[in-house]
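Numbering-wise, the sequence shown is residues 417 to 784 according to the working numbering. Heads up, the beta-carbon is just placed ideally off N, CA and C, and yes, glycines get one too.
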Amino acid sequence: MTLTICLCCGLFSGVSLGVAQAASCPLVIAHRGASGDRPEHTLAAYALAIEQGADFIEPDLVPTRDGVLIARHENALAIVSLDAAGKIKRVDGKPEVLEATTGVGSHPEFADRLTVKVIDGKTIGGWFSEDFTLAELRTLRARERLPEIRADNTAFNNQFEVPTFAQVLALALSKNVGVYPELKHYTYFMNEAMGVDGRPVRHDTVNLLLRDLLQAGANDPSQVFIQSFEVEPLDRLRTLAAAGDSPAWPLVQLVGPPEAVPYDFQAKRISTTYGRLLSDPSTLKAKYADAIGPAYQAVLSTPDLLQRLHDAGLKVHPFTLRNEVQFLPSGVSFETLLSQLVTAGVDGIFTDHPGLMRSALGECSTQR
């Protein structure tokens, strides 16, 4: 998940309780694996996160053209720049790659897959997972998404495949570690996705998720959280569990800025914002949610938010702790920020640096 919220001035002033003194730990949720140390969403990143002591590993999920869930933060395998008219901008005849988690742009055999799409209301140019079969994706290799910030990770470029969710599940289950999948762009894939050839490429990612979880035998609700920024997929999963058609895995409503509207609501012309959803946490709990995933900035800048969510019986798992100075509030260390969240009483924390978080937590016992 990605979100930016401005911090209140002076929020982190003062000295807080040392993390290691806390009686219990929040869950260590490895955001895209140990993505601070390896290219994100690779089996190497997940394996390292497990080695570093993560309680859960988090794969974002998007489908291939042939309906296989893969671990990528976005369906865009690489993003290119667009001109003012929304057309692909070319420099010396080549597209300008702005961000990439694979080397797809260097594969001439896939040059015809470069296109422009509207995803969740945003115009994006690039290569997209729904235009590739799994066999084609197997020919690509992962790359560091943030090479300027995580230069050391570029040493691992082009070494690792793009994993399927089934592979991530197999790794987690073999190590007795939990999985925390996020369904990306549910409404887009259900109702809107078009292939580069102009034909619909529609996938019910809830059904694909269920297929993979059940085939893997991931039936233990204590070992799985399912998250989404949209409401409908979580509501569907709760309905299936209530009917006895699936395990009752805990469901996590991710929340964006208070004024933002979940995309499935936008598509249905429903104006309910994330702020409105959070104004009635008891109803969220009664309908479908077991936990809320806000930005950590929202937890620390809204004094009563955590208490209101806890009073409604909801767990709180904020995102995302990163150790690089570009992602930290001015003058605040990773350890200080972690201490603030532990002292506040959060139940789990998404981090790109699970080893650092585990070390900072010390000997406290993990909550389950």
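Run through DSSP, which three-state label would T759 get? helix
Does the distance from the C-beta atom of E577 to that of N569 stay below 7 Å? no
In angstroms, rounded to a whole number, what distance separates the CA positions of I765 and I708? 11 Å
Measure the C-alpha to C-alpha separation of P710 and G672 and round it to an integer number of angstroms. 7 Å
Contacting residues, own chain, Cβ-Cβ under 7 Å from L772 (five flanking each side not counted): N739, F750
Looking at the secondary structure, which residues open and close the alpha helix (DSSP H) in which T539 lies? No alpha helix (DSSP H) holds T539; the beta strand (DSSP E) holding it covers 538-544.
Are T531 and R481 touching if we call contact CB-CB under 7 Å? no
Can you tell me the Cα-Cα spacing of K503 and Y604, whole angstroms? 21 Å
With 16 other CB atoms within 10 Å as the buried threshold, where does K600 fall? buried
Within 10 angstroms of the Cβ of D547, are there 16 or more other Cβ atoms? Answer buried if so, exposed if not. buried
Exposed or buried, Q643, counting other C-beta atoms within 10 Å across all chains shown (16 or more means buried)? buried
Is it a yes or a no for the region 486-495 touching the region 506-517, going by three-plus beta-carbon pairs under 8 Å? yes
For T458, the three-state DSSP class (helix, strand or coil): coil
For A446, the first and last residue of its enclosing alpha helix (DSSP H): Note, A446: premise wrong, no alpha helix (DSSP H); beta strand (DSSP E) at 443-447.
Alpha helix (DSSP H) containing T655: first to last residue? 648-658
Determine the direct distance from the alpha carbon of N592 to that of D768, and round the result to whole angstroms. 20 Å
How would you label E474, buried or exposed, when you count the other beta carbons within 10 angstroms and need 16 or more for buried? buried
Quick check on the DSSP output: the beta strand (DSSP E) that includes P770 runs from which residue to which? Premise fails: P770 lies in the alpha helix (DSSP H), 770-777, not in any beta strand (DSSP E).
Whole angstroms are fine: how far does the CA of A450 sit from the CA of Y596? 14 Å
Within a Cβ cutoff of 7 Å, which residues of the same chain sit near Q437, ignoring the five residues on either side of it in sequence? Interpretation of Q437 is limited by its pLDDT of 45, a score under 50 that renders its predicted location unreliable; the figure taken from the coordinates is listed afterwards. No residues qualify anywhere along the chain.
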